[in-house]
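Only one structure is covered here, and it is reproduced in the block below.
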Amino acid sequence: MANKEILICTGTGCLSSGAEDIEARLVELLKQHDLEKEYPVKEVIKKTGCLGPCSLGPTMIIMPEKTFYGRLQVSDVEIIVEEHLMKGEVVSSLLTEDSHHHPIEDYTQIDFMKGQMRIALRNTGLLDPNSINDYIAKDGYKALHKVLTEMSQEQVIEEIKTSQLRGRGGAGFPTGLKWEFTRKAVGDQKYVVCNADEGDPGAFMDRSILEGDPHSIIEAMTIAGYSVGAGQGYVYVRAEYPLAVKNLSLAIEDARLAGYLGEDIFNTGFKFDLEIRVGAGAFVCGEETALIASIEGERGQPRPKPPFPANSGLWGKPTLINNVETYANIVPIILQGSSWFNSIGTETSKGTKVFAIAGDVNQTGLIEVPMGTTLREIIFDIAGGIPGGREFKAAQTGGPSGGTIPPEYLDLPIDYESLKKIGAIVGSGGLIVMDDRSCMVDVARYFLDFTQDESCGKCIPCRIGTKRMLEILERITIGEGQSGDIDRLISLGNTIKETSLCGLGQTAPNPVLSTLQFFRDEYETHINEKNCPARHCKALVGSYTIDPEKCVGCGLCAKKCPVEAIKGEKKQPYKINSDKCTVCGVCVTTCPVDAIS
Amino acid sequence: MAVAISASQRKFERVNEIIQKHNGKKSALIAILQEIQEEYRYLPEEILTYVATAMDLSPATVFGVATFYAQFSLEPKGKYIIKVCDGTACHVRGSGPLYKSIRKKVGLQDGKFTTEDMNFTVETVSCLGACGLAPVVTINEKVYGQMTPEGIEIIIEKLMGKEDNQ
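If you read the sequences in order, they're chains A and B. 11 is the number of the first residue of the first sequence in the working numbering; add one for each residue after it. 699 is the number of the first residue of the second sequence in the working numbering; add one for each residue after it.
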């Protein structure tokens, strides 16, 4: 086998940045330069899952030297082939620079990767998800072998319990306990389910794991099946993730052929198989009882708890449901031991958490850090801070169920409890960073609009309550807010939280209550002064104007304006026609000198 | 006497195949509807009624499922389905103006989502999980990241040109 490997990230992000063109060019050049003997395409080029640094895509890593080339253009490939592959010289002009503008060669040492600790994401971006041999080469299915041949069901559950792993889907329930409940439940037939209905806008770690390391989930679910006494598992994947469905389907087939799924696994007599169920676009199906209804072929509406799925789940049988990222932690815990795992993290939250960082930051993508890492470390050290030197205003965690964190908590170590204390949640790990141009009332309105739309309609507090909250938020953002609206939002929010049937309704008011806690003055300005301090809410902004003192006459704004409302001559100050302007804000984000407000 | 197969019988033939593939199991209803939609590009009313009869379910059950999930459409969709991601990251990075400019470019009237020539359907979609490249637009299966109103217009123009030439 050739000792060189060229890893090209083909996660959804890099694919849309043109990873396939990069690969095609590489194949072509290897042929052209007669390098196929030294670099047999099939063995050397690995199309991997998502490595994480989406905004550096398309990316390429050359192993074993770990050289990382990011933001590649097709024309760069020729230089890499001629310099790096043929002469063995690193192309320093294509390396990523650190914050001190030093080029960094080793991918583990670039700013985005340096502060990370990758357990759940240990393999993503480093192996070909469509190759079971790649997975086996990285100790794949070793944990399953260990579990089936050396450990009793109780021992596995004890190991997971001691690791103190908690559910990564949002609620943070102790995973080992869930396994134990399901194991102890009485039933002739039990099921294991993987919740891959990653509906929180802004979270995409489950997608990345399924796309980039599907065998790790198959292995973990089989271990779970053995531990709780289930013979059948289901992976419920969102329809919005076609690549994840494709890679997982292939992996299941390969695992069956290799004997890791099906009858008599490792000659132990244990049998377990997996089926994929593709969701059809309903956020509420991320709630476990709604997900069960959906697998059964019904409308995805939640059912009252208790009974909990551990006792009465799929078709009324005991069912273990865990999230993708939770399963992704199982194999390392079995192989490296619970005491290794519980030495990482904080007092109450062990291990790591994957965050999907996006919004107004320099480097977007997926990161995995130990629990207890601060927001400042994530946003400024790993993700390179806020673009254009703008001010950090807030970070939103936990999506529509979560809250907004203001700058004064940048140094708070993040774990389940610390975020709960300030009205936010770790949630599934979506982390949206916002600069001073984001309006907090609009953010709350955005999330309520989302939850209102996704409310299944079964229970009244959620169906009608979120609608009333949305109406109030909408009128505030168009300058028709009334005195007393803030109190109405708080009272409605608390009632909905207390009385809704499922997690969707119980958490839906959080984005409003949390922004009210930290940005109440912004709501008041909207209501009392009919003004949006962030200059975001269109009805309150009126029209944008260009400061003639600052305008350099570059014309970028006029070029980008979708309604042709901006006119002017090059090198002269431009002007906005307020009759045509729809206050969409494109010009504000485009202007390189900040002349438009 | 040979009986000619009517057009409507032929129409249901494919539906029958799909139902049989799943053994007519009720738990496979969502998967069956997904496959039918792939075939017909939407879920025609008479086919939903047919599915109900064939699977021994009430029409209310089948319509109930078909109307619950956002993926299912009871109306025909255009040849190019343009989805504008409205996840949080895309929202803060300007998916709103992007959506508006796409609607304008393909010439959609208020309240309509598909153009009259059936070439384009424009819709928003919940998070596609490509937040690192916000704002994101997909046209059929292809993902376009870091889109601007200007950029998407060029892409749409190309598609329009392709249609005009046919």
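For each residue, glycine too, the CB sits at the ideal point set by N, CA and C.
{"Asked": "So is A/D463 buried or exposed if we call it buried at 16+ other beta carbons inside 10 Å?", "Found": "exposed"}
{"Asked": "Quick test of the definition: if touching needs 3 or more C-beta pairs under 8 Å, does the stretch 227 to 241 of chain A touch the stretch 253 to 270 of chain A?", "Found": "yes"}
{"Asked": "Beta-carbon of B/I716 versus every beta-carbon of chain A: anything under 9 Å?", "Found": "no"}
{"Asked": "Short check: CB of A/S237 to CB of A/K360, under 9 Å?", "Found": "no"}
{"Asked": "At 7 Å on the CB atoms, spell out the chain B contacts of A/A292, in chain order.", "Found": "F766, Y767 and A768"}
{"Asked": "Which word fits A/K548, buried or exposed, when buried means at least 16 other C-beta atoms lie within 10 angstroms of its C-beta?", "Found": "buried"}
{"Asked": "Between A/T127 and chain B, is any beta-carbon pair separated by less than 9 Å?", "Found": "According to the sequence as given, residue 127 of chain A is Met; it is not Thr. It does not; no Cβ of chain B falls within 9 Å."}
{"Asked": "Excluding five sequence neighbours on each side, which residues of the same chain lie with their C-beta closer than 6 Å to the C-beta of A/P410?", "Found": "F457, F460 and T461"}
{"Asked": "On the premise that A/I340 lies in contact with A/V203, defined as a C-beta separation below 8 Å, what is that separation, rounded to the nearest angstrom?", "Found": "With a Cβ gap of about 14 Å, A/V203 and A/I340 do not count as contacting."}
{"Asked": "Looking at chain B, is there any beta carbon in it that lies within less than 9 Å of the beta carbon of A/S162?", "Found": "no"}
{"Asked": "On a Cα-Cα basis, can you pick out the residue from A/G80, A/L45 and A/G399 that is closest to A/K97?", "Found": "A/L45"}
{"Asked": "Kindly list the residues whose CB is nearer than 8 Å to the CB of A/A12, restricted to its own chain and excluding five residues on each side of it in sequence; keep chain order.", "Found": "Reliability of the predicted coordinates at A/A12 is poor, the pLDDT of 46 falling under 50, and the value obtained from them is presented with this limitation in mind. Cβ neighbours of A/A12 beyond the five flanking positions: E48, Y49, P50, E53 and V54."}
{"Asked": "Is the beta carbon of A/D618 sitting closer than 9 Å to the one on A/I89?", "Found": "It is not possible to answer for residue 618 of chain A, since the shown part of chain A is limited to 11 through 607."}
{"Asked": "Hey, is the stretch 486 to 495 of chain A in contact with the stretch 539 to 558 of chain A, meaning 3+ C-beta pairs nearer than 8 Å?", "Found": "yes"}
{"Asked": "Mind checking whether A/I32 and A/V84 have CB atoms under 9 Å apart?", "Found": "yes"}
{"Asked": "How about B/G792 and A/C594: do their beta carbons lie closer than 9 Å?", "Found": "yes"}
{"Asked": "Quick one, which of A/T599, A/P558 and A/D604 has its alpha-carbon nearest A/K580's?", "Found": "A/P558"}
{"Asked": "Between which residues of its own chain and A/D495 is the CB-CB distance below 7 Å, once the five residues before and five after are set aside?", "Found": "I482, I486 and I537"}
{"Asked": "Chain A partners of B/G785, CB-CB under 7 Å?", "Found": "P211 and G212"}
{"Asked": "What distance in whole Å lies between the Cβ atoms of A/S218 and A/C60, which are believed to be in contact at a cut-off of 8 Å?", "Found": "4 Å"}
{"Asked": "Along chain A, which residues have their Cβ under 7 Å away from the Cβ of B/G809?", "Found": "In chain order: nothing, as chain A lies at least about 17 Å away."}
{"Asked": "Could you tell me which residues DSSP pairs with B/V782 in its beta bridges?", "Found": "B/T822 and B/V835"}
{"Asked": "Looking at the structure shown, is A/K468 part of a helix, part of a strand, or coil, going by DSSP?", "Found": "coil"}
{"Asked": "Any idea if B/A700 is buried or exposed, counting beta-carbon neighbours within 10 angstroms, 16 or more meaning buried?", "Found": "The pLDDT assigned to B/A700 is 48, lower than 50, so where the model puts this residue is not dependable; a value taken from the coordinates is nonetheless given after this. Classification of B/A700: exposed, given that the 10 Å Cβ count is below 16."}
{"Asked": "Could one say the Cβ of B/P757 lies closer than 9 Å to chain A's Cβ atoms, at least one of them?", "Found": "no"}
{"Asked": "Given a cut-off of 9 Å, decide if A/C295 and A/Y246 are closer than it, judged by their beta-carbon atoms.", "Found": "yes"}
{"Asked": "Taking A/Y584 and A/K577 to be in contact with their CB atoms under 8 Å, please state how far apart those CB atoms are, rounded to whole angstroms.", "Found": "7 Å"}
{"Asked": "Less than 9 Å separating the beta-carbons of A/R248 and A/G212?", "Found": "no"}
{"Asked": "Tell me, please, which residues DSSP counts as bridged to A/Q242.", "Found": "A/Y201 and A/D283"}
{"Asked": "Identify every residue that forms a DSSP beta bridge with B/V841.", "Found": "B/T836"}
{"Asked": "Evaluate contact between the stretch 445 to 456 of chain A and the stretch 401 to 415 of chain A, counting only Cβ atoms and requiring at least three cross-stretch pairs below 8 Å.", "Found": "yes"}
{"Asked": "So what does DSSP say about B/N714, is it helix, strand or coil?", "Found": "helix"}
{"Asked": "Measuring CA to CA, which of A/I170, A/E574 and A/A265 is closest to A/Y145?", "Found": "A/A265"}
{"Asked": "Strictly under 9 Å for the Cβ-Cβ distance: is B/K775 near chain A by that measure?", "Found": "no"}
{"Asked": "Does the beta carbon of A/Q83 come closer than 9 Å to any beta carbon on chain B?", "Found": "no"}
{"Asked": "When the distance is taken between beta carbons, is A/V562 closer than 9 Å to A/V603?", "Found": "yes"}
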